[in-house]
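Protein chains in written order, with the working numbering: chain D, 1 to 339; chain A, 1001 to 1339; chain P, 2001 to 2339; chain Z, 3001 to 3339.
Number of protein chains: 4
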Amino acid sequence: MLNPSAVLYGPHDVRIEDRPVPKPAPNQVLVEIAAVGICGSDVHYYEHGRIGGYVVHDPMIIGHESAGTVVDVGDGVDRNRIGELVALEPGVPCRTCTQCLWGRYNLCPRVVFFATPPVDGSISHYVAIEAAFAHSAPSGLTAEEAAMAEPVSVGIWAARKSAVTAGDRVLITGAGPIGLLAGQVARALGADTPLITDVSDFRLARARDLGLRTALAGTLLEEEFDVLLECSGAAAALTGGMRALAPAGRVALVGMGADTVTLDVALVQGRELSVTGVFRYANTYPLALQLISSGAVNVTDVITHRFALQDTERALTIGQTDRSSLKAMVYTATAPSRS
Amino acid sequence: MLNPSAVLYGPHDVRIEDRPVPKPAPNQVLVEIAAVGICGSDVHYYEHGRIGGYVVHDPMIIGHESAGTVVDVGDGVDRNRIGELVALEPGVPCRTCTQCLWGRYNLCPRVVFFATPPVDGSISHYVAIEAAFAHSAPSGLTAEEAAMAEPVSVGIWAARKSAVTAGDRVLITGAGPIGLLAGQVARALGADTPLITDVSDFRLARARDLGLRTALAGTLLEEEFDVLLECSGAAAALTGGMRALAPAGRVALVGMGADTVTLDVALVQGRELSVTGVFRYANTYPLALQLISSGAVNVTDVITHRFALQDTERALTIGQTDRSSLKAMVYTATAPSRS
Amino acid sequence: MLNPSAVLYGPHDVRIEDRPVPKPAPNQVLVEIAAVGICGSDVHYYEHGRIGGYVVHDPMIIGHESAGTVVDVGDGVDRNRIGELVALEPGVPCRTCTQCLWGRYNLCPRVVFFATPPVDGSISHYVAIEAAFAHSAPSGLTAEEAAMAEPVSVGIWAARKSAVTAGDRVLITGAGPIGLLAGQVARALGADTPLITDVSDFRLARARDLGLRTALAGTLLEEEFDVLLECSGAAAALTGGMRALAPAGRVALVGMGADTVTLDVALVQGRELSVTGVFRYANTYPLALQLISSGAVNVTDVITHRFALQDTERALTIGQTDRSSLKAMVYTATAPSRS
Amino acid sequence: MLNPSAVLYGPHDVRIEDRPVPKPAPNQVLVEIAAVGICGSDVHYYEHGRIGGYVVHDPMIIGHESAGTVVDVGDGVDRNRIGELVALEPGVPCRTCTQCLWGRYNLCPRVVFFATPPVDGSISHYVAIEAAFAHSAPSGLTAEEAAMAEPVSVGIWAARKSAVTAGDRVLITGAGPIGLLAGQVARALGADTPLITDVSDFRLARARDLGLRTALAGTLLEEEFDVLLECSGAAAALTGGMRALAPAGRVALVGMGADTVTLDVALVQGRELSVTGVFRYANTYPLALQLISSGAVNVTDVITHRFALQDTERALTIGQTDRSSLKAMVYTATAPSRS
């Protein structure tokens, strides 16, 4: 096969198929993908064939947290980029609508986003993408570290939307990959050592290894926080977390899970809390790569499993079979270097 | 009586009593009160003897939207202030805590606020207050206009917290006094002509008289908004209003009523909406007085009833007996000039 | 001639020539231009053949403040746009660089801007432009009003960069077209009635007609301001204006003229003043058109002279020959309707 | 002597005198001072007897970067504070004026600031200060570290005023104590490793010891920066530094020296640079103490000399006699622990 790819046909139906090798259009680069992380949304598509109104009608290559090497360029792109290790920002916006022109391109209604039906994703040998969204990785980064710029971007965006700044006391609910990365990002921005909560001892232990403070979810928190990054998707985590906020506290809703959450109006008004939703990210990749490169954010210890491309289905199910799993990484071109 | 005052003893029990005339302490002024507006919170204390954890245990003078004339000053205050018409900002914060030092003095945990138990309010002939919180009214303002700086402040604060700016499309749910004032404030800040919704034809007609656009509450809104100022306290208004918001829309929760509201997580995340509570106001009085003085905010047409001090109880109940009521104003020192 | 255009060959050498009618490329519209305002930069190119490093080496169509009617569309553009009156935003950025993706597209190093060598401008019968930069004018606007969205945008941007908000006391130095428009924009944003200074009695009288307060430049200002919009380019205006600022005052440098200005360090530090340069604008056109449409900004009374296309050279020199001139407007397709 | 103090009588005239031990007024604490850093302004008063309009007419205790132990409290202060190590924020504002109520208390026109004539400073055994401005030091801090919260605050404020955030490329001109601390603060906020310039090899070597990147002042900088913290007071440093800024770059003017600086208008406009003055700080002490406590900002290696109180004059002159000096610290109560 010239371009083996992991294609989702429907719930519990992933097939490794050959796809045509794309040609880079003008202003695009062609990337030989090396590593692709598995995200909760990938798992959700695998399990249910849909996320809300996004339905997998036609076979779709899955995966969107990816990095690889530039192997060809389209017209208008500097040929010197060939050979670069790049992290692929998976959503390419229209750059013409109001949201784009204001710099909020994550809210572009015409964005083309990997592995969001009907757009193909990146668990594939070769992917073409706009050159401006193939971000050059600092020297020394591995491909899987570069691929992790995607979930790190989610953490950066959550921190930006909730205006995390130096000295803030930050609470993170949910010690999955996003929570563990968001906690490290908050710390890199000068926040006090963040506190992260979860129900899993394994995850809390990993959080401590990463230098975060931890508490079992549901425990009464005796301290006060300025910011809550809700990364669990659990309604109870939001409710409890908000009670722990100081006046003027800020909340970012990152985790998906509950369809609705109940807001205590008197609390939100009396303390003038602000709550903001978080949808993907914008203008985060350069910072994400830098934080990974400087060591401020350790992504390697968030990766618990590594698979070859042909084992993509196992990567999609490891979260259910192994309670000690966080991020699974698929190595598309080569055998995984460690596992 | 030297200092007749409207004193709340408990639910449905307001008495006109003589109270000692206060002496202005250092840095205070003594104000001969002229007019005091009745707020929903006053009505709530009158009906229930409490608001949440704030309970009227001891007799308490009611009212906090007040203006009058400086008749004496304490040490450290310029005697030239005697004779000034002033609007009284009813909450005097500690000015020492973190919230105060950061400029968020509305969140001061030690604030002393008129007519919040056990602090006396201002339906009284004479009130002493810190000079810095007795704001000089621009020339030409009447006392009742100056008293309206309080609810106008709520509108300003809601607009600031939701970052209303020129060109914003603003939706206001609830055409009570706060909604009608907030709508005019938003317009004064350069927003497109705001749209206000209510269930009352009377209120909607008044909104149109004030130059606002209107729609019956519950009607499907066919346009898109950038900001929602929720001033009704109705959960359905919030739910419907949020659906009408554009990506990156902002919501201020102003109205009180529902204990809890349900947030549609997918909506808040997918459009990156932000929701903030509003608690009183800070640094709004000078602007409120200016907007009233310039005519940008018409407060007079929001006042529907005027009473003498001895009729304070009627002022507190007019909202229930007259469906065509908005703001009731109590004239403390003299007979009301018009009614 | 099918596409008569005003072409600058060098200093004092403007010729009316026929140019090929452009074909709209994909995502472009073809606009039949109706009116084009003359800007100080156009005059500067006419007088000197250059502005700093931008030199008119090859003949270049002049003009960039333009409006007209869509007469054709390229692929990907809704054909219903044909017939729309549009204001042309004259700078089309790359939308790929960091500045663009952050929403600061005015700072795009690859922007293509009308009448900035070697890019042709818009004093021409027909111009093609990206559809997203041809802003639909609200109904009722005339073409010359729509063309004025360009200088109004400069005023909006100056106000945004200096964070003008409700209640601000705003000083504008220089009552040329930009100053007169910026003053009205500040007022529309809720600022106190701005004060504008100039050396010309004619300009000050016009400012008063527009509802602004005025003072002769060089007069000692006895009041204090929060914001200075320096629109004269005179170093003395900046120096004097900054002295009139309150602590935390903000300055926008809009006017061009002096190569350097001298900052009084003790003043800037002691009052924590902030000074920002202003370069064109971003995301201002919709608001500009709305402010013109609502009447908040009167652009018509800023236009003092109107010329036919063949008289473009007179339009470029009227500022020197007539002291009662402000904005000159060139009617490209038809005889000017009034003058 | 019960309260020996370093009193400045005029240029080159410092005397160690006994002063009455102050009694803490209500809401004040009495602090037994342990360590006081010498600031450039102290040296300036010593050399010239004045700074601009502030003239030492009457003998004045000098020094304002101080820390010590609470030994008594006034009415209204928790007696448990006795025994606390505190850093003294040297400026106590009025908390009543507009600047204070907005949270910009550093701009309070009525601020009472240590060692600014006619207010006494803190090189003294005992000082009384408002309790809210005696900031409790985290456990483990030494007195001299706590005293350094003052210059660290200057660095925090410069970073806040220029909006330093994660990923910013920060240039600092001037590797004196303020520059060395500001550079570390910027790094703690997530900036890329800042680059600092100076003419002194000694200072640059110290900067490298602190983990900063360095360049000789006047060298052509080949990289581009987002933020310039000008800490040298040299006009040439500002001019050169601004040329190295990217579009939308921000400048904080921290250093004092030049009375005026020349701004290149075309540069400021073309890149939309913003320049802000910095005057002391507000709401920085808790963060300063935390950054020192966490080790994010190393203050100890910025202290090069330590003196006993009776040697205050030597502390004031060491900068002239020893080129390897940075911060001199005066130990008021005890012999310096190391030197």
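Where is the CB? At the ideal position from N, CA and C, for every residue including glycine.
Say whether chain A places a C-beta atom closer than 9 Å to the C-beta of D:F279. Looking up residue 279 of chain D in the first sequence gives position 279. True, the Cβ-Cβ gap to chain A drops below 9 Å.
Against Z:N3283, what residues of chain A qualify as contacts under a CB-to-CB distance less than 7 Å, listed in chain order? Against the fourth sequence, residue 3283 of chain Z aligns to sequence position 283. Ordered by position in chain A, the residues that pass the 7 Å Cβ test against Z:N3283 are L1101, W1102.
Note down, in chain order, every chain A residue with its Cβ under 9 Å from the Cβ of P:D2192. In the third sequence, residue 2192 of chain P corresponds to position 192, counting from 1. Q1290, S1294, listed in chain order.
Please report how far the alpha carbon of D:V92 lies from the alpha carbon of D:V111, in whole angstroms. One-based indexing of the first sequence puts residue 92 of chain D at position 92. One-based indexing of the first sequence puts residue 111 of chain D at position 111. Taking the straight line from one Cα to the other gives about 6 Å.
Using 8 Å as the threshold, is the stretch 3261-3269 of chain Z in touch with the stretch 3238-3248 of chain Z, meaning 3 or more CB pairs across them? Per the Cβ contact rule, the stretch 3261-3269 of chain Z is in contact with the stretch 3238-3248 of chain Z (3 or more Cβ pairs under 8 Å).
Please check if any C-beta of chain Z sits within less than 9 Å of the C-beta of A:T1276. If you number the second sequence from 1, residue 1276 of chain A lands on position 276. It does not: the Cβ of A:T1276 has no partner Cβ on chain Z nearer than 9 Å.
In whole angstroms, what separates the C-alpha of P:A2217 from that of P:P2118? Position 217 of the third sequence, counting from 1, holds the residue named residue 2217 of chain P. Position 118 of the third sequence, counting from 1, holds the residue named residue 2118 of chain P. Straight-line Cα distance between these residues: approximately 37 Å.
Spell out the partners DSSP gives P:V1982 in its beta bridges. This structure gives no information on residue 1982 of chain P, because the portion of chain P shown stretches from 2001 to 2339.
Return the residue from the list Z:D3198, Z:A3147, Z:A3207, Z:A3234 that minimises the CA-CA distance to Z:R3187. The residue you call residue 3187 of chain Z lines up with position 187 of the fourth sequence. Of the residues Z:D3198, Z:A3147, Z:A3207, Z:A3234, the one whose Cα lies closest to the Cα of Z:R3187 is Z:A3207.
Judging by CA-CA distance, which residue of A:K1327, A:D1120, A:Y1331, A:R1079 is the nearest neighbour of A:A1175? Taking the first residue of the second sequence as position 1, residue 1175 of chain A is located at position 175. Closest option to A:A1175, judged by alpha-carbon separation, among A:K1327, A:D1120, A:Y1331, A:R1079: A:K1327.
D:I123 - containing beta strand (DSSP E), residue span: For the purposes of this step, residue 123 of chain D is identified with residue 123 of the first sequence, where counting begins at 1. No beta strand (DSSP E) contains D:I123, which DSSP labels as neither H nor E.
Below 8 Å on the Cβ atoms is my contact criterion, and I expect D:Y331 with D:R306 to pass it. Report the Cβ-Cβ distance as a whole number of Å. The count along the first sequence starts at 1 and reaches residue 331 of chain D at position 331. The count along the first sequence starts at 1 and reaches residue 306 of chain D at position 306. Separation of the CB atoms of D:Y331 and D:R306 is rounded to 6 Å, and the pair is thereby assigned contact status at 8 Å.
For A:L1212, name the three-state secondary structure that DSSP assigns. Against the second sequence, residue 1212 of chain A aligns to sequence position 212. When secondary structure is reduced to three states using DSSP, A:L1212 falls in the coil class, being assigned neither helix nor strand.
Where the beta strand (DSSP E) through D:G68 begins and ends: Within the first sequence, residue 68 of chain D is the residue found at index 68, counting from 1. Annotation for D:G68: the continuous beta strand (DSSP E) segment containing it runs 65-73.
Got a sec, what are the start and stop residues for the beta strand (DSSP E) D:G155 sits in? Stepping through the first sequence from its first residue, residue 155 of chain D is reached at position 155. No beta strand (DSSP E) holds D:G155; the alpha helix (DSSP H) holding it covers 149-161.
Z:S3042 burial status per 10 Å Cβ neighbour count (16 or more: buried): Stepping through the fourth sequence from its first residue, residue 3042 of chain Z is reached at position 42. Note that residue 3042 of chain Z is Asp in the sequence shown, not Ser. Classification of Z:D3042: buried, given that the 10 Å Cβ count is 16 or more.
Shortest alpha-carbon distance to A:P1286 belongs to which of A:P1090, A:P1138, A:G1155? Mapped onto the second sequence, residue 1286 of chain A falls at position 286. Residue A:P1138 holds the alpha-carbon nearest to the alpha-carbon of A:P1286 among A:P1090, A:P1138, A:G1155.
In the DSSP assignment, what are the bridge partners of Z:Q3028? By one-based count along the fourth sequence, residue 3028 of chain Z stands at place 28. Paired residue(s): Z:E3130.
Under three-state DSSP, which class holds D:D13? Numbered from 1 along the first sequence, position 13 holds the residue referred to as residue 13 of chain D. DSSP, reduced to helix, strand and coil, places D:D13 within a strand of the structure shown.
Quick one: what does DSSP say P:P2004 is sitting in, helix, strand or coil? Indexing the third sequence from 1 puts residue 2004 of chain P at position 4. Collapsing the DSSP output to three states places P:P2004 in a strand.
Given Z:M3329 as reference, the closest of Z:G3040, Z:P3059, Z:D3018 once Cα atoms are compared: Position 329 of the fourth sequence holds residue 3329 of chain Z. Of the candidates Z:G3040, Z:P3059, Z:D3018, the residue whose Cα lies closest to the Cα of Z:M3329 is Z:G3040.
Shorter than 9 Å from the beta carbon of A:A1248 to some beta carbon of chain D? Counting from one through the second sequence, the residue named residue 1248 of chain A turns up at place 248. A:A1248 counts as touching chain D.
Determine whether the Cβ of Z:A3132 lies closer than 9 Å to any Cβ atom of chain A. Locating residue 3132 of chain Z in the fourth sequence gives position 132, where the first residue counts as 1. At least one chain A Cβ lies under 9 Å of Z:A3132.
With a CB to CB cut of under 6 Å and the five nearest residues on each side skipped, what residues in its chain are close to Z:Q3099? Along the fourth sequence, read from residue 1 onward, the residue named residue 3099 of chain Z stands at position 99. Beyond the five residues adjoining it in sequence on each side, Z:Q3099 comes within less than 6 Å, by CB distance, of L3107, C3108 in the same chain, given in chain order.
My guess is that D:V254 and D:L229 are in contact by the Cβ rule of under 8 Å, so how many angstroms apart are they, rounded? Working through the first sequence from its first residue, we reach residue 254 of chain D at position 254. Working through the first sequence from its first residue, we reach residue 229 of chain D at position 229. Between D:L229 and D:V254 the Cβ distance is about 6 Å, and since that is below 8 Å, they are a contact.
Identify the continuous beta strand (DSSP E) that holds P:D2311 and give its terminal residues. For this step, residue 2311 of chain P is matched to residue 311 along the third sequence. No beta strand (DSSP E) holds P:D2311; DSSP gives it neither H nor E.
Identify whether D:H305 lies in helix, strand or coil by the three-state DSSP scheme. Locating residue 305 of chain D in the first sequence gives position 305, counting from the first residue. Per DSSP, reduced to three states, the secondary structure at D:H305 is strand.
Burial state of P:E2145, where buried means 16 or more other Cβ atoms lie within 10 Å: Within the third sequence, numbered from 1, the residue matching residue 2145 of chain P stands at position 145. Residue burial is scored here from C-beta neighbours: P:E2145 has at least 16 other C-beta atoms within 10 angstroms and is therefore classed as buried.
P:R2271: CB within 8 Å of a non-hydrogen atom of the ligand GDP: Within the structure as shown, the ligand GDP is missing, as the structure has no ligands at all.
How about D:M60 and D:V21: are their beta carbons less than 9 Å apart? To locate residue 60 of chain D, count along the first sequence from 1; it is residue 60. To locate residue 21 of chain D, count along the first sequence from 1; it is residue 21. For D:M60 and D:V21, no; Cβs fall outside 9 Å.
As a quick exercise: from Z:R3243, Z:G3295, Z:L3289, pick the residue whose alpha carbon is nearest that of Z:V3275. Here residue 3275 of chain Z is taken as the residue at index 275 of the fourth sequence, counted from 1. Cα-wise, what sits closest to Z:V3275 is Z:R3243.
Where in the stretch 2165-2213 of chain P do unbroken runs of the alpha helix (DSSP H), each at least 4 residues long, occur, reported from the N-terminal end onward? Runs found: 2177-2188, 2201-2209.
So who's on the other strand from D:R50, going by DSSP bridges? Numbered from 1 along the first sequence, position 50 holds the residue referred to as residue 50 of chain D. Under the DSSP definition of a beta bridge, D:R50 partners with D:V55.
Cβ closer than 7 Å: which chain P residues qualify as neighbours of D:T96? To locate residue 96 of chain D, count along the first sequence from 1; it is residue 96. Residues of chain P passing the Cβ test: A2132.
By DSSP, does D:V77 sit in helix, in strand, or in coil? On the first sequence, residue 77 of chain D is found 77 positions in, with the first residue counted as 1. Reduced to three states, the DSSP call for D:V77 is coil.
Beta carbons nearer than 9 Å to chain A: which residues of the stretch 49-81 of chain D have them? Legend: CB atoms of the stretch 49-81 of chain D lying less than 9 Å from CB atoms of chain A belong to residues G52.
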